[in-house]
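Beneath this line is the structure, given in structure tokens, with notes to follow.
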Amino acid sequence: MPDYYPIFVDLRGKRTVVVGGGVVAQRKIESLLEYGAVVTLISPEATPRLQEMAADGVICWLRRPYRPGDLEGAIIVVGATNSKEANTLISAEANERGVLVNIVDDPELCSFIVPSVLSRGSLLVAVSTQGRSPSLAQMVRRRLEEAIGPEYGLMADLMGRLRPEVLRMGASEAERASIWKRVLASRAMELLREGRIEEAEEEARACLSR
3 MPDYYPIFVD LRGKRTVVVG GGVVAQRKIE SLLEYGAVVT LISPEATPRL
53 QEMAADGVIC WLRRPYRPGD LEGAIIVVGA TNSKEANTLI SAEANERGVL
103 VNIVDDPELC SFIVPSVLSR GSLLVAVSTQ GRSPSLAQMV RRRLEEAIGP
153 EYGLMADLMG RLRPEVLRMG ASEAERASIW KRVLASRAME LLREGRIEEA
203 EEEARACLSR
């Protein structure tokens, strides 16, 4: 089993294909849509929710089995069928076209795997065991959920707002690192945890001039 390179991909406006119309396919599609992907579903059947999404124009539904050539123009394909033969053909075409492919529960046919993700607003923590034990990755994510609250996502947003100002200061890399350390060591995180967002921003901004 290979070791995978961790990466975050911008899917906004990109064509992605999901083959299979069951509950797993639905979950994959909902996740892809959350990040702005343009999704084509290929399957003779689909869950009621996927049928609604197709009727509303949220996704494009090709109501038939997968055919060679269906991956043209796609950046990612997810195979969520119960057919080993179909999954193998999907993987082969994806590799031939240079399309990233994930076949559910078959790492040998994948060129990428999906980590277990903890989301706190702008803060994303991806946990992976390189495909060896998804259950372990999920357990680690659950433990992180207990330790990392919503205030971390708020802090990421706050630091993102301050970043252009820090860059305009013309400070050296070492000086910028020192500024961010002061922000993180300040009471800003505690204030965010208490929901006092404006006060947290004032506290963080004060660190820029010290």
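Each residue of the sequence shown is one higher than the one before, starting from 3 at the first, in our numbering. We treat Cβ as the ideally placed atom computed from N, Cα and C, and that holds for glycine.
(message) Going by C-alpha to C-alpha distance, which of ALA82, ASN104, LEU169 sits closest to GLY133?
(response) Position 131 of the sequence shown holds residue 133. Of the listed residues, the one whose Cα sits closest to GLY133 is ASN104.
(request) Grab the span of the alpha helix (DSSP H) containing SER137 for me, first residue to last. (result) Residue 137 sits at position 135 when you count from the first residue of the sequence shown. It spans 136–149 - the alpha helix (DSSP H) in which SER137 sits, taken as one unbroken run.
(request) Measure the CB-CB distance between ILE78 and LEU52 and report whether it falls below 8 Å. (result) In the sequence shown, residue 78 corresponds to position 76, counting from 1. In the sequence shown, residue 52 corresponds to position 50, counting from 1. Not closer than 8 Å, so no.
(message) Just to confirm the assignment: which complete beta strand (DSSP E) runs, minimum length 3, are found wholly within the region 71–130?
(response) 78–81, 102–105, 118–122, 125–129
(request) Would you mind stating whether CYS62 and THR83 have Cβ atoms separated by less than 8 Å? (result) By one-based count along the sequence shown, residue 62 stands at place 60. By one-based count along the sequence shown, residue 83 stands at place 81. Result no, Cβ atoms of CYS62 and THR83 do not sit closer than 8 Å.
(request) Could you work out which residue in VAL80, ARG66, GLU74, PRO46 is closest to ARG29 when comparing CA atoms only? (result) Numbered from its first residue, the sequence shown carries residue 29 at position 27. Closest by alpha carbon: VAL80.
(request) Under the assumption that LEU210 contacts LEU164 (Cβ atoms under 8 Å), give the Cβ distance between them as a whole number of angstroms. (result) In the sequence shown, the residue the question calls residue 210 occupies position 208. In the sequence shown, the residue the question calls residue 164 occupies position 162. With a Cβ gap of about 7 Å, LEU210 and LEU164 count as contacting.
(request) Give the secondary structure of ARG17 by DSSP, where H, G and I count as helix, E and B as strand, and everything else as coil. (result) Translated into positions along the sequence shown, residue 17 becomes position 15. Reduced to three states, the DSSP call for ARG17 is strand.
(message) I want to know whether the region 107–114 touches the region 87–96 - three or more CB-CB distances under 8 Å.
(response) Contact between the region 107–114 and the region 87–96 is present, because at least three Cβ pairs lie under 8 Å.
(message) Looking at the secondary structure, which residues open and close the alpha helix (DSSP H) in which ILE44 lies?
(response) Indexing the sequence shown from 1 puts residue 44 at position 42. No alpha helix (DSSP H) holds ILE44; the beta strand (DSSP E) holding it covers 40–44.
(request) Express the C-alpha separation of ASP107 and ALA206 in angstroms, rounding to a whole number. (result) Here the question's residue 206 lines up with position 204 in the sequence shown. Here the question's residue 107 lines up with position 105 in the sequence shown. Rounded to whole angstroms, ALA206 to ASP107 spans 45 Å at the Cα level.
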